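Quick note on my numbering: the sequence shown kicks off at 631 and runs consecutively.
Where a beta carbon is used, it is the ideal one built from N, C-alpha and C, also for glycine.
Computed from a prediction, not measured in an experiment: that's the story for all the values here.
Worksheet: one structure, shown below.
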Amino acid sequence: MKLTENIVNPSSYTLYFDNFFTSIDLLKSLCEQGFRATGTIRENRINHECPLEESKSMRKKERGTSDFAFDEIFLVRWNDNSTVTVATYFSTLESFLM
């Protein structure tokens with residue numbers, strides 16, 4: 631977070647993370663500072679009350695199947711070669727499915 635302290639106009643930046651770094655708390659913190667942020671996220675970093683379909687059941691469906699949820703953060707999970715989950719503060723469902 632120290633790297634973001636000296637940025638003058640955070641709303642003009644979009645930050646992307648892989649699942650090693652992405653967490654709900656990180657995205658919320660960056661949003662509070664005015665940044666836009668998106669990242670793949672590990673399933674164990676998502677609240678279990680989140681209404682996303684479980685990865686196990688997604689894997690059994692055909693490739694391209696997707697599910698999404700929105701509270702403060704927009705979450706999209708889709709089945710590709712494996713199940714992928716993305717968390718973002720500024721994207722829409724259409725931008726993921728294009």
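| request: Identify which residue in Thr-668, Asn-649 and Asn-674 has its Cα closest to the Cα of Leu-657. | output: Thr-668
| task | Assign Arg-689 to one of three DSSP states: helix, strand, or coil. | result | helix
| By a C-beta neighbour count over all protein chains shown, 10 Å radius and 16 as the cutoff for buried, is Arg-672 buried or exposed? | exposed
| query | Between the stretch 685–698 and the stretch 645–663, do three or more beta carbon pairs fall short of 8 Å? | reply | no
| query | Does DSSP put Asp-655 in a helix, a strand or coil? | reply | helix
| Between the Cα of Ser-712 and the Cα atoms of Thr-670, Phe-704, Pro-640 and Phe-700, which residue gives the shortest distance? | Thr-670
| request: Can you tell me which of the three DSSP states Ser-696 falls into? | output: strand
| request: Taking the CB atoms as reference points, tell me whether Asp-697 and Glu-683 lie closer together than 7 Å. | output: yes
| query | Which residues mark the beginning and the end of the beta strand (DSSP E) in which Tyr-643 is found? | reply | That residue, Tyr-643, is in no beta strand (DSSP E); it is neither H nor E in DSSP.
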